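Report on the structure given below.
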Amino acid sequence: MLSQIEEKFKELKVRGKMAIMPFLMAGDPNLNITSEILMTLQKRGADLIELGIPYSDPLADGPIIQLSASRALNSGTTTKKVLNLLNSLKGKLKIPIILFTYFNPLLSFGVNDFCKMASNAGASGIIIPDLPLEEA
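Last residue of the sequence shown: number 160 in this note's numbering, and the count goes up by one each step with no gaps.
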């Protein structure tokens, strides 16, 4: 069985198309706007969306994403709130959502709990930029 991400890339390849996969920091400026942007991106043709979970020390990111993460944290965004937002859009979001987060928040949250909640909320994948492949 193919994952939702694999299915999307297979579909695009058959059609001779490239994927459009925008990045969005959850909670910047707030989670209500994030919800609206997610739905608009889907409506406007995004094939997948990379949804960032804000972290206080985003070392693998440039200044724009660092500022976005800071604004999201200042608006009260947490990992659990992002997962709850994604869960609230289940059935509405038809395209794959790939969560982007750092390993430290996953450790604090609990890796198994996070993976279960993310999967139940409809996440199709996860990117952890500071987790070496040997440790994954």
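In this text, a Cβ means the ideal position worked out from N, Cα and C, and glycines have one as well.
The model shown is predicted, which means the values in this text are computed figures rather than measured ones.
{"Asked": "Residue range of the alpha helix (DSSP H) that includes ILE61", "Found": "55-67"}
{"Asked": "Nearest candidate by alpha-carbon position, reference ALA145, set PRO129, GLY134, GLY115", "Found": "GLY115"}
{"Asked": "Outcome for VAL106 when other beta-carbon atoms lying within 10 angstroms are tallied against a minimum of 16", "Found": "buried"}
{"Asked": "Neighbour-count burial assignment, ILE57, 16 or more Cβ in a 10 Å radius", "Found": "exposed"}
{"Asked": "Which residues DSSP lists as bridging ILE151, in chain order", "Found": "PHE124"}
{"Asked": "Whole-number beta carbon distance between ILE77 and ILE119, since they are thought to touch under 8 angstroms", "Found": "That belief does not hold up - the Cβ atoms of ILE119 and ILE77 are roughly 18 angstroms apart, past 8 angstroms."}
{"Asked": "Closest residue to PHE127 among ASN98, LEU157, GLY100, LEU26 (Cα-Cα distance)", "Found": "LEU157"}
{"Asked": "Backbone CA spacing between LYS34 and ILE44 [nearest angstrom]", "Found": "14 angstroms"}
{"Asked": "Burial state of ILE121, where buried means 16 or more other Cβ atoms lie within 10 Å", "Found": "buried"}
{"Asked": "Burial state of PRO82 (16 or more Cβ within 10 Å)", "Found": "buried"}
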